[in-house]
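Numbering (our numbering) for the sequence shown: 34 to 351.
What follows is a set of notes on a single structure, which appears directly below.
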Amino acid sequence: MKKNAKPLPLIIDCDPGQDDAIALMLAMASPAELDLLGICAVAGNVPLRLTEANARRVRDVAGRPEVAVFAGCPRPMVKILETGEYVHGKSGIDGADLPEPSRPAEAEHAVDWLIDTLRRADDPITLATLGPLTNIAMAIVMAPDIVENISELVLMGGALSLGNITPAAEFNIYSDPHAAHIVFEAGLKLTMIGLDVTHQARATPARLEAIRAIGNPAATCVAGMLDFYGAQYVSTFGEGAPLHDPCVIAYILRPDLFAGQEMRVDIEISSPLTIGRTVCDVHARSGRAANVNVLENIYADGFFELLGERLARLPKNI
Ligand code: RIB
Ligand code: CA
């Protein structure tokens with residue numbers, strides 16, 4: 034982001050999820066750069082009633098209770114909902130140890146709010162998506178005109194290489210491949226942050242202890258979540274927790290920490306074996322126009338430095 038620029042109008046769509054929660058904290062700790070217009074929750078890691086409540090818990094611990102949270106779609110557009118408690122725990126943010134939210138979600142459905150907010154926007158809005166793309170795709174189907182007021186959509190999802198929920202597919206895309214197909218075909222300026230990047234951003238013990246040492250409620254919550262989430266990851270994937278979703282916010286704040294290239298990406302929506310695969314045309318073999326900026330590398334130390342510096346800004350008492 035350019036220095037001294039106006040705060041960027043931003044909407045975050047998420048399925049907290051420990052890593053979503055950390056991404057929300059990073060965004061809410063950066064008000065000089067990000068004008069967070071609202072948080073939309075979607076079913077994904079855990080059911081919607083938990084993802085929306087978790088988003089409200091996180092805004093409290095970040096000292097930003099004024100940020101509006103909207104509940105969105107409770108299931109994917111076509112597939113049935115397959116949640117991820119095996120990684121995130123029953124609550125979705127196991128290890129967080131947060132009190133009940135201080136106030137309710139907004140009454141308006143997230144999809145209606147997205148459409149209304151984008152239609153009324155004076156300046157184009159950046160969308161950061163951290164979960165399945167159901168809310169965004171539903172908004173685009175209901176109101177295709179909103180695409181012109183989305184300046185960019187930065188998503189955590191997909192992979193150039195292996196998947197994580199299946200050998201071929203990453204969880205966010207796999208959860209709602211039809212929604213992803215709609216979003217990838219909508220003509221948006223897209224930046225995809227897939228597993229190839231996020232698995233370079235692992236919370237090693239040293240990085241985790243540096244976060245724990247910050248000592249404010251938000252950092253303590255992050256450390257507790259990473260204790261749980263990291264242990265789940267080791268037992269499932271053999272290595273420490275990759276900070277998938279915070280990479281999206283870090284990219285918006287500091288794109289210089291990342292590198293990638295434009296390419297054609299299509300979503301597999303029919304094969305039972307590879308449904309949800311992001312088919313990335315790295316060598317332009319398809320002859321189809323590039324539609325996505327696919328990130329491939331992150332300067333991980335710089336990312337954790339940014340995360341720690343921003344978490345330290347959050348309130349010492351809540
Ligand atoms: O595959 C990783 C993604 O799935 C992350 O967004 C994580 O929160 C889960 O939603
Ligand atoms: Ca997520």
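Glycine is no exception: its CB is placed at the ideal position from the N, C-alpha and C atoms.
- Counting C-beta atoms within 10 angstroms of its own C-beta, residue 121 has 16 or more neighbours from the protein chains shown and is therefore classed as buried.
- Under the criterion of beta carbons closer than 8 Å, residue 162 and residue 106 do not qualify as touching, at roughly 13 Å.
- Burial check for residue 269: the Cβ neighbour count within 10 Å stays below 16, so the residue is exposed.
- In this structure, residue 47 has its CB closer than 7 Å to one or more heavy atoms of ligand 2.
- Sixteen is the threshold: when 16 or more other Cβ atoms of the shown chains lie within 10 Å of the Cβ of residue 89, as they do, the residue is buried.
- With distances taken between CA atoms, residue 59 lies nearest to 244 out of 264, 296, 244.
- Taking C-beta atoms as the reference points, residue 211 and residue 111 count as a pair closer than 8 Å.
- Remark: the shortest separation between the CB of residue 289 and any heavy atom of ligand 1 does not fall under 7 Å.
- Assignment of beta-bridge partners to residue 296 by DSSP yields 325.
- In the DSSP assignment, residue 330 is bridged to 292.
- Among the bridge pairs identified by DSSP, residue 235 is matched with 275.
- Annotation for residue 202: 196, 309, 310 place their beta carbon closer than 6 Å to its own, counting only its chain and skipping 5 residues before and after.
- Just measuring C-alpha positions, the residue of 350, 68, 276 sitting nearest residue 189 is 276.
- Here residue 126 is buried, its C-beta having at least 16 other C-beta atoms within 10 Å.
- Under the three-state reduction of DSSP output, residue 254 falls in the helix class.
- The shortest C-alpha to C-alpha distance from residue 73 to any of 221, 206, 254, 46 is the one to 46.
- The residue from 351, 140, 98, 205 with its alpha-carbon nearest to that of residue 52 is 205.
- Residue 255 and residue 319 have their C-alpha atoms roughly 42 Å apart.
- Set against 7 Å, the gap from the CB of residue 221 to the closest heavy atom of ligand 2 is not smaller.
- Contact annotation, residue 193 with residue 327: C-beta distance approximately 7 Å; criterion of less than 8 Å satisfied.
- Contact annotation, residue 182 with residue 151: C-beta distance approximately 5 Å; criterion of less than 8 Å satisfied.
- Non-local beta-carbon contacts of residue 170 in its own chain, meaning distances under 6 Å to residues more than five positions away in sequence, involve 212, 215, 216 in chain order.
- The beta carbon of residue 163 sits closer than 7 Å to at least one heavy atom of ligand 2.
- In the three-state scheme derived from DSSP, where H, G and I count as helix and E and B as strand, residue 93 is classed as helix.
- Distance from the C-beta of residue 105 to the nearest heavy atom of ligand 2 is not below 7 Å.
- Residue environment for residue 136: exposed (fewer than 16 other C-beta atoms within 10 angstroms of its C-beta).
- Residue 87 has its Cβ no nearer than 7 Å to any heavy atom of ligand 2.
- Inclusion of residue 209 and residue 49 in the CB contact set at 8 Å is not warranted, their separation being larger than that value.
- Residue 73 is bridged by DSSP to 46, 103.
- Counting only residues of its own chain and dropping the five nearest sequence neighbours on each side, residue 95 has a CB closer than 6 Å to the CB of 58, 61, 251, 347.
- The closest heavy atom of ligand 1 lies less than 7 Å from the beta carbon of residue 277.
- Assignment of residue 68 by DSSP, reduced to helix, strand and coil, places it in the strand class.
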